[in-house]
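>
Residue numbers (this note's numbering): 283 to 402.
Right, here's the structure in full:
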């Protein structure tokens with residue numbers, strides 16, 4: 283799915299990365315716990331999150347995330363936007379909740395990142 287499709291499905295505003303709307307993403311993931319983002323493959327995925335701090339950008343850089351969608355209308359800080367531009371990560375914001383956003387994307391064919399559960 284291309285970022286332009288994600289933008290339309292989520293009624294999202296592109297804050298950084300207008301030139302990346304034709305970029306395809308392989309899958310989606312959603313988390314407010316950034317340590318979860320480091321537990322599996324995330325190359326070329328879109329991250330949906332309600333967490334809005336610089337650690338989201340920094341973790342996304344390490345994890346190889348292609349784009350971040352902030353849910354519930356969250357707006358990233360200037361520092362976050364500078365860092366996202368520097369690392370070529372698209373930033374969008376949607377008025378929808380994380381649950382609704384994930385459902386809308388899944389219903390149109392975007393699949394999630396599969397992670398193995400730790401054995402208990």
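Don't be surprised by glycine CBs; every beta carbon is placed ideally from N, CA and C.
Owing to the predicted nature of the structure, the values given are computational and were not obtained by experimental measurement.
Of the residues 368, 338, 315, 309, which one's Cα is nearest the Cα of residue 299?
Here residue 299 refers to the residue found at position 17 when the chain shown is read from its first residue. Of the listed residues, the one whose Cα sits closest to residue 299 is 368.
> Pick from 366, 392, 287, 389: whose alpha carbon is nearest that of residue 334?
For this step, residue 334 is matched to residue 52 along the chain shown. Ranking the options by Cα distance to residue 334, first place goes to 366.
> Could you name the residues of the same chain whose beta carbon sits closer than 7 Å to that of residue 380, not counting the 5 residues immediately before and after it, in chain order?
Taking the first residue of the chain shown as 1, we reach residue 380 at position 98. Closer than 7 Å at Cβ, skipping near neighbours: 312, 330, 332, 353.
> I'd like to know whether the C-beta atoms of residue 388 and residue 292 end up nearer to each other than 9 Å.
The sequence position of residue 388 within the chain shown is 106, counting from 1. The sequence position of residue 292 within the chain shown is 10, counting from 1. Not a contact, by the Cβ cut-off of 9 Å.
> Grab me the residues of residue 325's own chain with a C-beta within less than 7 Å of its C-beta, minus the 5 sequence neighbours each way, in chain order.
As a working note, residue 325 is residue 43 in the chain shown. Cβ within range, chain order: 346.
> Whose CA, out of 284, 319, 286, lies closest to the CA of residue 396?
In the chain shown, residue 396 corresponds to position 114, counting from 1. Checking every option, the nearest Cα to that of residue 396 belongs to 319.
> Report yes or no: is there a C-beta of chain B within less than 9 Å of the C-beta of residue 367?
No chain B is present in this structure, which holds just one protein chain.
> Does residue 332 come out as helix, strand or coil in the three-state DSSP assignment?
As a position in the chain shown, residue 332 is number 50, starting the count at 1. Looking at residue 332 - three-state DSSP - the assignment turns out to be coil, as it is neither helix nor strand.
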